[in-house]
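Quick notes on the structure that follows.
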Amino acid sequence: MAFSVNTNVSAMAALRTLSITQNSLNSVQRQIETGLKVAEAKDDPSTFTIAQGMRGDIGSLKAIQEGLAFGQATVNMGNAGALQISQTIIDLNKKVTQSFNDGLDITILQEEANALVEQITSVVNTTIFNGVNLIDGSGTDLEVLSALGGITQTVLSQDATIASLGLSNFDLSAQAATLTMDNTFSVTEDDTIVLTLAGGDVHTFEITEDGNALTSAVDEANGIFVHAVTVDTGTQSNGQMIGIIATVMRAEGFAVNITETGVVEISHGDTVTATTTLTGATAGAVAGNPIAVLDNAETLVGQIITTLGTASNRLDSQSEFTQLLVDKLQEGLGILVDANLAEASAELQALQTKEQLGIQSLSIANARPQSILSLFQ
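Numbers in my numbering are just positions in the sequence shown, counted from 1, shifted up by 1468.
If you want it as structure tokens, here you go:
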């Protein structure tokens, strides 16, 4: 090898080796500091890109979990309100039973019953979580984001108001309406049964064939309601159609009892009178059956409790599944980017030793040009 003061090949080689060692040392030190073997795009561009996508999914899933938690709390609040209403109906049933006993002041019992009905209204109005009320009959469903891609679960709004339960203007002495059918009885499309409550509300139950539009006027703001009773007059018997009519009435808060003689008794918390265009049907009146009214109300509340309970279970399951997804994504992310600190520690010691050796090698190489001076002595 030629002696030159302009080019020190040994020093250049030693410097390159030392630079490589120091770069590796810096990389290992970053792994130890951050706990990551891929902390930046320059560490591994493709892996870093995948990891960033996974981090985005994890963040989105955690946001979904927060939304699910809000949904669960809202549904649980609604369910708690419905359970309280159910208990209040049980208490109200006790008052009704007491009203059948001679010697008790019906006026006092009525006042106590009124207080319980007002309590139901209070529960409905205060069953709110973060501005959402699922049992006030507002018709505003709860949409809960449940998965990536904008997938949602819908919790249907319920109606536990006293109007929907048939308890508005609750009267222990209310009269019931009756429909008595003779041997000419028949059901045809557009026939109606109109139930008028003493409080002023009017409920029209209109017979329709499948898909046909209602003809009766609706003005719910002023207490005028129209309910479709969908039957098939060509294939269903009169008895089947009466059963369908009763089912629709019960869903609207009316207690319906069909006696052994075929008389249809329609009770409500308020006094109810009936008119009808059904052929062979005569409307009448009879003493109301408040216990049947409360039994029907309890059935309706039970349906609300079941619906909200099912929704709560569904959201619970989705929340657990979302947490599982988060755990698996974090596990996969760790496999991609987490550093093995035991290996990093061993590598750090080896690189530190190589760095010291490199410095010594560079020192020796830098001293070589000095030997040229001896040639001129």
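The C-beta atom is built at its ideal place from N, Cα and C for all residues, glycine as well.
| Check | Outcome |
| --- | --- |
| DSSP bridge partner residues for residue 1674 (one or two, in chain order) | 1660 and 1696 |
| Identified DSSP bridge partners for residue 1733 | 1646 and 1725 |
| Whole-angstrom distance between residue 1653 and residue 1698, CA atom to CA atom | 18 Å |
| First and last residue of the uninterrupted alpha helix (DSSP H) at residue 1788 | 1758-1805 |
| Distance between residue 1702 and residue 1574 (C-alpha atoms, nearest Å) | 49 Å |
| Where residue 1811 falls: helix, strand or coil (DSSP) | helix |
| Neighbourhood of residue 1721 by C-beta, 6 Å cutoff - its chain only, sequence neighbours within 5 removed | 1632, 1633 and 1634 |
| N-terminal and C-terminal residue of the alpha helix (DSSP H) that residue 1579 is part of | 1574-1594 |
| Nearest residue (CA-CA) to residue 1621, options 1581, 1597, 1591 and 1536 | 1536 |
| Among 1590, 1626, 1496 and 1619, nearest to residue 1774 - alpha-carbon criterion | 1626 |
| Three-pair Cβ contact test at 8 Å for the segment 1747-1765 versus the segment 1780-1798 | no |
| Beta-carbon proximity check, residue 1742 vs residue 1646, cutoff 9 Å | yes |
| Distance, residue 1801 Cα to residue 1521 Cα | 10 Å |
| Burial state of residue 1568 (16 or more Cβ within 10 Å) | exposed |
| Those residues which DSSP pairs with residue 1621 across a bridge | 1612 |
| Contact the segment 1591-1604 vs the segment 1504-1523: 3+ CB pairs below 8 Å | no |
| Backbone CA spacing between residue 1737 and residue 1777 [nearest angstrom] | 27 Å |
| Bridge partners - residue 1754, DSSP secondary structure assignment | 1644 |
| Cβ-Cβ separation, residue 1550 to residue 1710 (assumed contact under 8 Å), whole Å | With 8 Å as the limit, residue 1710 and residue 1550 do not qualify as a contact, their Cβ atoms being about 30 Å apart. |
| Nearest to residue 1532 (by Cα), restricted to the options 1790, 1820 and 1799 | 1790 |
| For residue 1740, the first and last residue of its enclosing beta strand (DSSP E) | 1740-1744 |
| Simplified DSSP state of residue 1559, which is helix, strand or coil | helix |
| contact_flag[the segment 1760-1770, the segment 1554-1561] where n(CB pairs < 8 Å) is 3 or more | yes |
| Neighbourhood of residue 1807 by C-beta, 8 Å cutoff - its chain only, sequence neighbours within 5 removed | 1499, 1500, 1502, 1503, 1504 and 1505 |
| Three or more C-beta pairs below 8 Å linking the segment 1779-1786 and the segment 1663-1673 | no |
| According to DSSP, residues forming a beta bridge with residue 1665 | 1740 |
| Residues bridged to residue 1600 (per DSSP) | 1597 |
| Start-to-end residues for the alpha helix (DSSP H) that takes in residue 1706 | 1706-1719 |
| Classification of residue 1546 by the beta-carbon crowding that lies within 10 angstroms, buried from 16 upward | buried |
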